[in-house]
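Have a look at the structure below, then the notes.
There are 2 protein chains.
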Amino acid sequence: LAAGDVALVESLIEPLHPADVADLIEHLEPEQLQLFLDITRHALEPETISHLDETLREEVVEQMAPAELARVVTELDSDDAVDLLEDLDDETQRQVLENLPAEERGFIEQGLTYPEDSAGRLMQRELVAVPASWDVGQTIDHLRGSADLPDDFYDLFVVDAAGKPVGSVPLSRVLRSKRGTGLNRIMDEELRLVPADTDQEAVAYLFRQYALMSAPVVDAAGRLIGVITVDDVVRVIDEEAEEDLLNIVGVGDTDFHAPVHVTAFQRVRWLVVTLVNTLIAAFVISRFEDTIGHYPALAVLMPITAAMGGNAGVQVITVTVRALATRDITPNSNVGRIVMKELAVGFMNALVFAAILGTLGGFWFGNLALGFVLGAAMIFNMVWAGFAGTTIPIVMEKLGFDPATGAGPFLTTTTDCLGFFAFLGLATLFLT
Amino acid sequence: LAAGDVALVESLIEPLHPADVADLIEHLEPEQLQLFLDITRHALEPETISHLDETLREEVVEQMAPAELARVVTELDSDDAVDLLEDLDDETQRQVLENLPAEERGFIEQGLTYPEDSAGRLMQRELVAVPASWDVGQTIDHLRGSADLPDDFYDLFVVDAAGKPVGSVPLSRVLRSKRGTGLNRIMDEELRLVPADTDQEAVAYLFRQYALMSAPVVDAAGRLIGVITVDDVVRVIDEEAEEDLLNIVGVGDTDFHAPVHVTAFQRVRWLVVTLVNTLIAAFVISRFEDTIGHYPALAVLMPITAAMGGNAGVQVITVTVRALATRDITPNSNVGRIVMKELAVGFMNALVFAAILGTLGGFWFGNLALGFVLGAAMIFNMVWAGFAGTTIPIVMEKLGFDPATGAGPFLTTTTDCLGFFAFLGLATLFLT
Numbered sequence: 001l002a003a004g005d006v007a008l009v010e011s012l013i014e015p016l017h018p019a020d021v022a023d024l025i026e027h028l029e030p031e032q033l034q035l036f037l038d039i040t041r042h043a044l045e046p047e048t049i050s051h052l053d054e055t056l057r058e059e060v061v062e063q064m065a066p067a068e069l070a071r072v073v074t075e076l077d078s079d080d081a082v083d084l085l086e087d088l089d090d091e092t093q094r095q096v097l098e099n100l101p102a103e104e105r106g107f108i109e110q111g112l113t114y115p116e117d118s119a120g121r122l123m124q125r126e127l128v129a130v131p132a133s134w135d136v137g138q139t140i141d142h143l144r145g146s147a148d149l150p151d152d153f154y155d156l157f158v159v160d161a162a163g164k165p166v167g168s169v170p171l172s173r174v175l176r177s178k179r180g181t182g183l184n185r186i187m188d189e190e191l192r193l194v195p196a197d198t199d200q201e202a203v204a205y206l207f208r209q210y211a212l213m214s215a216p217v218v219d220a221a222g223r224l225i226g227v228i229t230v231d232d233v234v235r236v237i238d239e240e241a242e243e244d245l246l247n248i249v250g251v252g253d254t255d256f257h258a259p260v261h262v263t264a265f266q267r268v269r270w271l272v273v274t275l276v277n278t279l280i281a282a283f284v285i286s287r288f289e290d291t292i293g294h295y296p297a298l299a300v301l302m303p304i305t306a307a308m309g310g311n312a313g314v315q316v317i318t319v320t321v322r323a324l325a326t327r328d329i330t331p332n333s334n335v336g337r338i339v340m341k342e343l344a345v346g347f348m349n350a351l352v353f354a355a356i357l358g359t360l361g362g363f364w365f366g367n368l369a370l371g372f373v374l375g376a377a378m379i380f381n382m383v384w385a386g387f388a389g390t391t392i393p394i395v396m397e398k399l400g401f402d403p404a405t406g407a408g409p410f411l412t413t414t415t416d417c418l419g420f421f422a423f424l425g426l427a428t429l430f431l432t
Numbered sequence: 001l002a003a004g005d006v007a008l009v010e011s012l013i014e015p016l017h018p019a020d021v022a023d024l025i026e027h028l029e030p031e032q033l034q035l036f037l038d039i040t041r042h043a044l045e046p047e048t049i050s051h052l053d054e055t056l057r058e059e060v061v062e063q064m065a066p067a068e069l070a071r072v073v074t075e076l077d078s079d080d081a082v083d084l085l086e087d088l089d090d091e092t093q094r095q096v097l098e099n100l101p102a103e104e105r106g107f108i109e110q111g112l113t114y115p116e117d118s119a120g121r122l123m124q125r126e127l128v129a130v131p132a133s134w135d136v137g138q139t140i141d142h143l144r145g146s147a148d149l150p151d152d153f154y155d156l157f158v159v160d161a162a163g164k165p166v167g168s169v170p171l172s173r174v175l176r177s178k179r180g181t182g183l184n185r186i187m188d189e190e191l192r193l194v195p196a197d198t199d200q201e202a203v204a205y206l207f208r209q210y211a212l213m214s215a216p217v218v219d220a221a222g223r224l225i226g227v228i229t230v231d232d233v234v235r236v237i238d239e240e241a242e243e244d245l246l247n248i249v250g251v252g253d254t255d256f257h258a259p260v261h262v263t264a265f266q267r268v269r270w271l272v273v274t275l276v277n278t279l280i281a282a283f284v285i286s287r288f289e290d291t292i293g294h295y296p297a298l299a300v301l302m303p304i305t306a307a308m309g310g311n312a313g314v315q316v317i318t319v320t321v322r323a324l325a326t327r328d329i330t331p332n333s334n335v336g337r338i339v340m341k342e343l344a345v346g347f348m349n350a351l352v353f354a355a356i357l358g359t360l361g362g363f364w365f366g367n368l369a370l371g372f373v374l375g376a377a378m379i380f381n382m383v384w385a386g387f388a389g390t391t392i393p394i395v396m397e398k399l400g401f402d403p404a405t406g407a408g409p410f411l412t413t414t415t416d417c418l419g420f421f422a423f424l425g426l427a428t429l430f431l432t
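Chains as they are written, first to last, in this note's numbering: chain X, 1 to 432; chain S, 1 to 432.
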């Protein structure tokens, strides 16, 4: 299809939503991609570009002239425009900014000053703010008369003389009230103000907790400078959940469309952690080489204790990390209860599995003492998993680290080493 | 505080948002909880109850009389009301329904007929639908005059004579248009209709992909029967991401506030899988007991191959599951490319780590052949991890299973067994 027929390709793309066109581009083979871009460059909607994944977006943007980019940036909402510009090198960024109208340029330059992943980056500058003294009629006339408004919006913000937000009015209330009704009589005064430097994770929490559609962003002086809408937050919630997931298994920040060597390198960090982990475990085992030489059966059974402890621990750690993220656990209130609960859960399951595996192991090698050692080591390790699985992420959160990052590999190191140590140690004591 | 002073407790709760009160309740110790409920039962807002986690919500609801429950249900939006009622036993459910006004009752009874986690359950019945023949003025007059409307809403739906949706109008457009403008001139005709039996995961995808604020839900005949708003979808996205996360580590469906024995039982399923997994691995090792008896160093190094393969595999599987969820991978288009990429990534990293660990292992035990065996087994296992980590979830998705569930434990079984087998097998060949 991408073999030259420009008109056909364009007519196929035209009815599609920008997000779908972006997906289409992401599914193309590299050689098709170049061809596709050559053909459609000028027909691509600015929105399509901002829907692309980071790696591809950079690729597409690199091929565009600064003036062309400036046109794209002008048509985007200010939050998407900042996203696009922040990836550019300084020189290109400067050239694009020079090609922008003054007001737009000011907005974006300021947007770029906020830290990445902050409310200042999420917000858009386009919003509708009206003075508290207006009534519904004045507001409607203003909306009808003014050309410089966002495409679609859902709440009005009411501001005082200093530009500080004092309330918000859902549009449905404006529509349903008589023209003479004062805005101050129908506005919600309970605003959830978001300072511009708030982390996006905290913003997502606010929206989820209070089912907000939009929230006003204020500067250090408390003045209204932008609005965050729920569709931006949907993206953040998705990203944050993904981040937790990837961090726990040790993948870290990934871009699905990154080339092989970049992906390989991203994975290395946690493989190194695993390497150190297994070397420590190997060192623990090496202390018992003589015992194993006499009883090779120990080598057969020894991975069981480590694996059961490790699995139980990763379950606990995942639940704990999620509970911290959703604030079901708050480090200063209910920690004791949570830890006690997981110790109890670990102990209950440990008893059951120790009984099963101890019996099985004992009969397999015709040695009941061996079964007893296996069971005892397993109980020890699974209870430890319950304790470490809750306390490691909670302590990391308290110390200001991301509880998801590294907690998994760190825990596995302890359950491996303790599992091998407990099993081989007990075996040395009771079997020799 | 909860030592009797009813008025004080009530005055403390009163200014709080229902979601915060629900969090407060979730943080109480069991004995405090009972006291708190006794005191605040009648002051609790219906919304607070619907914000509670499942276990607690059931506890609170069980203590209420059907008539009291009916009052709560009446005040809730229809989607929240259905959530609340579906957990009740049949008898209580019937009693509550009998206490409801006829229209409300009909809505809820129908809501309960939709499958759990479907669009029919997510939607609310309260919506604003207007005929396409109206103009802006008629619409505004209707909105001002009609008492029976949702609290706040963001889009109007335009329907034809048969009740089928033909367009939607963001309220901002109604406000900004002159009274004489026909709705059919300002409406969006590109509707994303959601059949009532659509799975909520597909609904979440629609909202995320097209940044929707609301979407019309239609019955089998195509008639408008409800609307899904983005705040409900935020909850779904959160739930689905959490589900993927918990499934990959094998926790399954969890309720953070469930009692110890319930939690312990929920975890058992995957511990059983781990148990079977390690028993198979133990069986593989037991085939090489003689070799290990001669070279206990093998027992020291053998967990390394398994752990590196397992870790690499879980990384790949997690990335693949996420890519399937976000539709970055679609089973019929780009599978070949993805698998090839992960094979390449696995091979690159395997070479590096095999060189490091092979050298280390060789020198540690003064036996270069041993180091070579370790390195070769590791390359084999990590490349396998790249292959299995991508193909297992993709095949599961193709067969109609949830790719997250069980893929992790299944993969670990293969990397453990193959890791031990490759390492011990090569050792037996080359060292004896």
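Just so it is clear, CB atoms sit at the ideal spot from N, CA and C, and this is done for glycine as well.
Where T326 (chain S) is concerned, there is no enclosing beta strand (DSSP E), because DSSP gives it neither an H nor an E. If you ignore the 5 residues before and after G361 (chain S), its C-beta comes within less than 7 Å of the C-beta of L301, L370, G371, L374, all in its own chain and listed in chain order. Linking L84 (chain S) to E103 (chain S) through their CA atoms gives a straight-line distance of about 18 Å. Near chain X, meaning a CB-to-CB distance below 9 Å, the residues of the region 168-181 of chain S are P170, L171, S172, R173, V174, L175, R176, S177, K178. By the Cβ rule, the region 381-389 of chain X counts as touching the region 302-317 of chain X, because three or more pairs are nearer than 8 Å. For S286 (chain S), no beta strand (DSSP E) run applies; the uninterrupted alpha helix (DSSP H) run containing it begins and ends at 260-286, by DSSP.
For M213 (chain X), the nearest beta carbon of chain S is closer than 8 Å to its own beta carbon. In the structure shown, F401 (chain X) adopts coil according to DSSP, grouped into three states.
Cβ atoms of R223 (chain X) and A162 (chain X) come within 8 Å of each other, at about 7 Å.
Restricting attention to S:G137, S:F153, S:V276, the CA atom closest to the CA of P216 (chain S) is found in S:F153. Taking a C-beta cut-off of 7 Å against chain S, none of the residues of the region 111-124 of chain X qualify. A Cβ of chain X is located within less than 8 Å of the beta carbon of D328 (chain S). Annotation for T359 (chain S): the continuous alpha helix (DSSP H) segment containing it runs 335-364. In terms of beta-carbon proximity, S286 (chain X) lines the interface with chain S, with at least one pair separated by less than 8 Å. Looking only at X:Q138, X:Q124, X:D416, the smallest Cα-Cα distance to V194 (chain X) is reached by X:Q124. When rounded, the separation of the alpha-carbon atoms in T229 (chain X) and D199 (chain X) is 15 Å. The beta carbon of G226 (chain S) sits closer than 7 Å to those of M123, Q124, R125, L127, V217, all from its chain and outside the five residues before and after it, given in chain order. In the DSSP annotation of this structure, the continuous segment of the alpha helix (DSSP H) that includes A19 (chain S) starts and ends at 18-26. When the five nearest sequence neighbours on each side are left out, the beta carbons in the same chain lying within less than 7 Å of the beta carbon of G182 (chain X) are those of D135, in order along the chain.
Using a Cβ-Cβ cut-off of 8 Å, I237 (chain X) counts as an interface residue toward chain S, since at least one Cβ of chain S sits closer than that to its own. Using a Cβ-Cβ cut-off of 8 Å, F410 (chain X) does not count as an interface residue toward chain S, since no Cβ of chain S sits closer than that to its own. Your pair T390 (chain X) and V273 (chain X) does not check out as a contact, with CB atoms roughly 21 Å apart and the cut at 8 Å. Beta-carbon to beta-carbon, G137 (chain X) and A196 (chain X) are separated by about 33 Å, too far to satisfy the 8 Å threshold. Boundaries for A220 (chain S): no beta strand (DSSP E) harbours it, and the DSSP string shows neither H nor E there. For the region 57-75 of chain X, the beta-carbon criterion of a distance under 7 Å to any beta-carbon of chain S is satisfied by none of its residues.
Counting along the chain, the unbroken beta strand (DSSP E) around F157 (chain X) starts and ends at 155-159. Chain X places no beta carbon closer than 8 Å to that of W384 (chain S), leaving this residue out of the contacts. For Y154 (chain S), the chain X residues whose Cβ falls inside 8 Å of its Cβ are Y154, P170, L171, S172, M213, in order along the chain. C-alpha of R105 (chain X) to C-alpha of E98 (chain X): approximately 8 Å in a straight line.
In the three-state reduction of the DSSP assignment, V169 (chain X) falls in the strand class. Per the C-alpha coordinates, the member of S:E58, S:A147, S:Q110 positioned closest to T92 (chain S) is S:E58. Shown here, G419 (chain X) sits in a helix according to DSSP, grouped into three states.
Residue contact check for R144 (chain X) against chain S: a CB pair falls below 8 Å. One thing to note: R267 (chain X) has its Cβ within 8 Å of the Cβ of V345 (chain S). Cα atoms of E116 (chain S) and N184 (chain X): separation of roughly 42 Å, rounded to the nearest angstrom. Pairwise C-beta distances place the region 238-246 of chain S in contact with the region 235-242 of chain X, as three or more of them are shorter than 8 Å.
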